[in-house]
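Data first, discussion second: the structure below is written as structure tokens.
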Amino acid sequence: MKTSRLPIAIQQAVMRRLREKLAQANLKLGRNYPEPKLSYTQRGTSAGTA
1 MKTSRLPIAI
11 QQAVMRRLRE
21 KLAQANLKLG
31 RNYPEPKLSY
41 TQRGTSAGTA
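In our numbering, the protein residues as written are 1 to 50.
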């Protein structure tokens, strides 16, 4: 079975929104949270199946 990849445009949109919301949280809470690393790879033999 071929694995489907998440389009780069969606990955970029996710990162853009994450940075936006992280900056908002940092400003509101007066903290400096590090940017998390995101991974789009599946793990396990049945990851993502219902």
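Note that beta-carbon positions come from the ideal geometry of N, C-alpha and C, so glycine has one too.
Query: Nearest to Arg19 (by Cα), restricted to the options Gln42, Thr41, Glu35, Tyr40; Result: Glu35
Query: Cα-Cα separation between Arg31 and Lys21, rounded to whole angstroms; Result: 13 Å
Query: As assigned by DSSP and simplified to three states, the class of Lys37; Result: coil
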